[in-house]
Amino acid sequence: MIGVLLVNLGTPDAPDTSSVRRYLREFLMDGRVIDIPYIFRSLLVNGIIAPFRAPKSAKVYQQLWEHRGSPLKFYGEDNVHDLQKKLGDQYAVRLAMRYQNPSMESVMHEMQLLNLKKLIIIPLFPQYASATTGSVFEKVMDLMKSWQVMPELKIVNYFYNHPGIAKYFAEKAENYRKKHSFDHYVFSYHGVPERHIKKGDITKQTCSFGTCCDKITDKNHLCYRAQCFETSRLIAKEMGLKPEEYTTAFQSRLGRDPWLQPYTDETIKKLTKEGKKNVLAFSPAFVADCLETTIEVGEEYKELFEENGGQHWQLVESLNNSKEWVEILKLLVEN
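Taking the numbering used here as reference, the numbering of the sequence shown is continuous, increasing by one, and the terminal residue is 425.
Written out as structure tokens, the structure reads:
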């Protein structure tokens, strides 16, 4: 039997303060997420961020929560069900979360007991980043180090350039373009601190936060920033957009250190000053609609856009539980 493990970032068990605080502590104590010495990270997370951010975040999660729970989780469960049907009985498909539940520890233990011939792990992050895919890699290695019998192991480290991704977003965008005329397009990706990108530049000479990401090369092919810009180019090409018709930006920055730029909120203000009134937005760093897409991009940025003179802001839905996404997952497994 072949195991297929889909791994997403994680979500609180419930939209209440204690659950959110527990989630934040596990998430932010990961040294790949906040890459400062453990003692300072612990003081920051347990003494400041988790206690003060949890109540506010819990209210936001309450807006997001549906009768099935967290969309990030139930879309993942749908993906497992549909992918299992497509692959057949020779595969065992499971879902795990890097943080909280279903935990990687419990699901990996279940996989171990299946005595697999091969284990294929797909972190559900289109672009590679140390804080996401890299963290999943590290956790897998840590959990498997005690296994006496090792199956063949395959880990997908990115899939932003799978042709089905650009095609999906272009087709969804076309549905909105048939109903409305847009004068600009924004591709908003989750930000990371610039130091994360610098640390990932093994050459120590490539990264300049400028034209170095204008195309994918042998030197930057695992750079998160470069992959984000390439994702935008691939979707824009599928849509027939010119470079001046779209902007790539980064959201969700935290703290005072510089994060990847341009920032999405500042981009929105700039676009409205330029007279842009109708914008179609994308969040191609996420495979499922969640707090960062539905709330941050879909609602908060819409409000910011309108406050600054914009008229129509529309978010294109993520891959979620679409048949196109399940087919992409099937191809990732088979290839």
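Where a beta carbon is used, it is the ideal one built from N, C-alpha and C, also for glycine.
Source: prediction; values computed, not measured.
*In terms of DSSP beta bridges, what is Trp349 paired with?*
Stepping through the sequence shown from its first residue, residue 349 is reached at position 259. Paired residue(s): Pro283.
*Pull up the distance between the alpha-carbon of Lys149 and that of Glu389, whole angstroms please.*
The count along the sequence shown starts at 1 and reaches residue 149 at position 59. The count along the sequence shown starts at 1 and reaches residue 389 at position 299. If you take the alpha carbons of Lys149 and Glu389, they lie about 14 Å apart.
*Put Gly166 into one of helix, strand or coil per three-state DSSP.*
Looking up residue 166 in the sequence shown gives position 76. Residue state, collapsed to three classes: helix.
*Looking at C-alpha atoms only, which residue of His199, Phe215, Gly137 and Pro127 is the closest neighbour of Gly100?*
For this step, residue 100 is matched to residue 10 along the sequence shown. Among His199, Phe215, Gly137 and Pro127, the Cα nearest to that of Gly100 is on Phe215.
*asked:* Quick check: the Cα distance between Ser322 and Phe277, rounded to an integer number of angstroms?
replied: One-based indexing of the sequence shown puts residue 322 at position 232. One-based indexing of the sequence shown puts residue 277 at position 187. Approximately 6 Å between the Cα atoms of the pair.
*Under the rule that 16 or more other beta-carbon atoms within 10 Å means buried, what is Lys208, buried or exposed?*
As a position in the sequence shown, residue 208 is number 118, starting the count at 1. Per the 10 Å Cβ criterion, exposed.
*Could you give the uninterrupted runs of the alpha helix (DSSP H) lying entirely in the stretch 228-291, keeping only those of 4 residues or more?*
253-267 and 284-290
_What does the alpha-carbon distance come out to for the pair Leu243 and Ile212?_
On the sequence shown, residue 243 is found 153 positions in, with the first residue counted as 1. On the sequence shown, residue 212 is found 122 positions in, with the first residue counted as 1. Distance between the alpha carbons of Leu243 and Ile212: 11 Å.
_Coarse secondary structure for Val377, derived from DSSP in three states_ = For the purposes of this step, residue 377 is taken as the residue at position 287 of the sequence shown. Looking at Val377 - three-state DSSP - the assignment turns out to be coil, as it is neither helix nor strand.
*Quick one: give me the first and last residue of the beta strand (DSSP E) that Ala339 is part of.*
Indexing the sequence shown from 1 puts residue 339 at position 249. That run of the beta strand (DSSP E) goes Tyr336 to Gln341.
*So, is Trp415 buried or exposed, given that buried needs 16 or more other C-beta atoms within 10 angstroms?*
Counting from one through the sequence shown, the residue named residue 415 turns up at place 325. Per the 10 Å Cβ criterion, buried.
*Does any heavy atom of the ligand MN sit closer than 7 Å to the C-beta of Met201?*
This structure simply doesn't include the ligand MN, nor any ligand for that matter.
*Could you spell out where the beta strand (DSSP E) holding Ala371 opens and where it closes?*
Within the sequence shown, the letter at position 281 stands for residue 371. Unbroken beta strand (DSSP E) run through Ala371: Asn368 to Phe372.
*Ordered along the chain, which non-local residues of its own chain (more than five positions away) have a Cβ less than 6 Å from that of Gln174?*
Translated into the one-based positions of the sequence shown, residue 174 becomes position 84. The residues are Val183.
*Ser147: buried (16+ other C-beta within 10 angstroms of its C-beta) or exposed?*
One-based indexing of the sequence shown puts residue 147 at position 57. So Ser147 ends up on the buried side.
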